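Mapping of the sequence shown onto our numbering: position 65 corresponds to residue 65, and the numbering continues sequentially without gaps. Here's the structure we're looking at; comments come further down.
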Amino acid sequence: MSDEQNVLYGVVLAGGTGTRLWPLSRAGHPKFLHPLTGTEASLLQATVDRLDTLTTPERVFVVTGVAHAAAVSRQLSAMPEENVLVEPSPRDSCAAIALAAAVIARRDPEAVMGSFASDHLITDKEEFASVIRRAAVGARDGLLMTLGITPTRPETGYGYLHCGPELREGPILRVEEFKEKPSYDVAEAYVKSGNYLWNAGMFVWRVDVFLAELARQQPQLAAGVSRIAQAWGTTEQEEVLGEVWPTLPRISVDYAVMEGAASAGRVATVPGDFGWNDVGDFHTLGEVLTADPAGNVVVGHDITADRPTVLLRDTENLVVVPGSGRLVAAMGVRDLVIVDTADAVLICPRERAQEVKHLVDQLKELGQHGYI
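In C-alpha cells:
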C-alpha cells in the first residue's frame with residue numbers, strides 16, 4: 001500500500017430513504033443505490049470510488065440497515081463483506097458513526113477515520129482528496145475535523161459552520177458554532193460575512209479522540225457501542241447487538257457530539273470547493289446533471305435505445321425521470337419535475353421539489369406504505 005493510500009479509514013453511511021426523491025427513492029431501494037451521477041455508478045459506488053487515492057478497499061466500511069445490506073455488498077464487490085456493518089434498526093448518524101469508530105479502534109486504536117454520506121455528488125475528486133488530506137493533518141493533532149463547503153449562494157436547505165480564527169496553515173479554521181438551516185435573510189447575512197461555510201456532514205478524526213468525546217458527552221451511547229464492538233466478529237455479536245442496539249439514543253452526531261465539542265474548542269474545519277452537492281431533491285438533481293439546450297434534464301435516459309423513453313416538444317427546464325419502461329411525453333410545459341415509476345407518477349413545479357417529502361408523509365397517514 002502506498003503512502004498516498006495510507007491517509008485514513010473510510011466510513012460511508014448508507015441509510016435513510018431520501019423522501020424528497022420519491023417516488024424514485026423508496027424504503028426498499030433508497031437513493032444511494034440509484035445511478036444519479038450522470039454515469040452508470042450509483043451514488044454509493046461513486047462515494048467509495050472517490051476514496052481510492054486515500055485508502056484501500058480493506059479499510060473502507062459501510063454502515064447500512066438490514067434491508068439494504070445485500071444490495072450494498074453486491075454494489076461494492078471489491079470491499080470485504082465483513083466491512084458492511086449492519087445496524088438492526090435506524091438510530092441516526094451518531095450510533096452508526098460510533099459503531100464504525102469502535103470497530104476500527106479495535107484494529108487500529110489511533111486510526112484516522114473519515115465519515116461520508118453515501119448520497120452526495122462531488123465533481124472534483126482530486127480537490128476533494130486534497131481537502132481530506134489537509135483535514136487529516138488536523139485530525140492527527142487531536143482536532144475533530146468537519147468539512148466546510150464555501151457557499152455559492154444563500155442556501156436555506158443546509159446547516160452552516162460559524163468559523164473563527166485560523167488554527168493551522170492549510171487553512172484549518174476553528175469552528176465556533178454549528179448553525180441550523182436558516183431563513184433566507186439569515187443565510188444571505190452568513191454568506192456576505194465570509195465567516196460561514198456550509199456544513200457538508202463529512203468528518204475526519206482520530207477514532208480515539210472521537211470515542212473519548214463521545215464518552216464525555218454521551219456516556220450511555222459510548223458504553224453501549226463499546227459493548228457491541230467488543231463482541232464484533234465473535235459468536236456473541238448478534239446477541240449483543242440485538243440486546244444493546246435498541247437501547248442506544250436516536251440522535252445525530254452533530255447534536256450528540258459536534259456542537260458540544262465546538263463549544264469546548266475541539267472542532268475545526270478545512271474549507272472546500274470541490275463541486276459538492278447533496279442531491280436533496282429533483283430540482284437540485286436537474287442543476288447538477290447535463291441539460292439539453294432548452295434546459296431539460298433526463299435522468300437515466302439512454303439516447304441509444306431503440307425505443308425512446310422520453311419525448312419532449314417545446315419544453316424548457318424539465319427534470320424527467322423515466323423509470324417504468326413506458327414512454328414519457330411532454331409538450332408546451334416548463335419548470336416541472338416529472339417522475340414515472342412502475343406504480344407511481346409524480347408531477348410538480350421544480351420550485352416546490354423540496355416539498356415532495358410531504359407527499360410521503362401523507363401516504364404514511366393514509367396507511368399506504370406500499371408506495372413508500
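Even for Gly, the Cβ is constructed at its ideal location relative to N, Cα and C. Quick caveat, the model's predicted, so the values are computed rather than measured.
Same chain, Cβ closer than 6 Å to residue i, neighbours up to 5 away in sequence not counted
i      : result
PHE282 : VAL319, VAL337, ALA353
GLU176 : HIS162, GLY164
Neighbourhood of residue i by C-beta, 7 Å cutoff - its chain only, sequence neighbours within 5 removed
i      : result
LEU51  : GLY10, VAL60
VAL360 : THR19, TRP22, ILE372
ALA264 : none
GLU259 : PHE178
LYS125 : ARG50
ALA41  : PRO35, ASP49
ALA261 : LEU144, GLU213, VAL267
Proximity of residue i and residue j at Cβ, strictly below 8 Å
i      : j      : result
ARG20  : VAL356 : yes
ASN83  : VAL62  : yes
GLY272 : ILE149 : yes
VAL288 : VAL321 : no
GLY367 : ASP340 : no
LEU311 : ASN296 : no
ALA99  : GLU87  : Before going further, note that residue 99 is Leu rather than Ala in the sequence given. Going by C-beta atoms, LEU99 is nearer than 8 Å to GLU87.
GLY142 : ARG206 : yes
GLY286 : THR123 : no
ARG350 : ALA229 : no
TYR158 : ASN199 : yes
PHE32  : SER130 : no
LEU147 : ALA135 : yes
Residues near residue i by beta carbon distance below 8 Å, same chain, minus five either side
i      : result
GLY138 : MET145, LEU167, ARG168, GLY170, ILE172, VAL204, ALA268, VAL270
VAL257 : CYS94, LEU144, PHE210, GLU213, LEU214, GLN217, GLN218
PHE116 : GLY10, VAL11, VAL12, LEU13, THR47, LEU51, MET202
PRO182 : THR156, TYR160, TYR190
GLU239 : ALA231
TYR196 : PRO151, TYR160, LEU161, HIS162, CYS163, LYS179, TYR190
LEU248 : ARG91, ALA95, GLN220, LEU221, GLY224, VAL225
Residues bridged to residue i (per DSSP)
i      : result
ILE122 : TRP276
GLU166 : LEU173
TYR160 : LYS179, TRP198
SER115 : VAL11, PHE203
C-alpha gap between residue i and residue j, whole angstroms
i      : j      : result
PRO109 : LYS192 : 42 Å
GLU58  : GLN45  : 15 Å
GLY15  : ALA291 : 29 Å
VAL7   : ALA231 : 27 Å
THR304 : ARG153 : Unreliable positioning characterises THR304 in this predicted model, as indicated by a pLDDT of 48, which lies under 50. The coordinate reading is nonetheless provided below. If you take the alpha carbons of THR304 and ARG153, they lie about 37 Å apart.
SER373 : GLU180 : Any question about residue 373 goes unanswered here, given that the chain covers just 1 to 372.
SER89  : ASP306 : 43 Å
ARG133 : THR56  : 15 Å
ILE347 : LYS364 : 19 Å
VAL345 : PRO293 : 26 Å
MET1   : ILE104 : Bear in mind that the predicted position of MET1 carries a pLDDT of just 46, short of 50, making it unreliable; the figure below should be weighed with that in mind. The straight-line gap from Cα to Cα measures roughly 18 Å.
ALA187 : GLU236 : 49 Å
Segment contact flag, the segment 238–251 with the segment 164–176, C-beta cutoff 8 Å, min 3 pairs: no
Stretch-stretch touch, CB-based, cutoff 8 Å, three pairs: the segment 25–36 with the segment 63–70: yes
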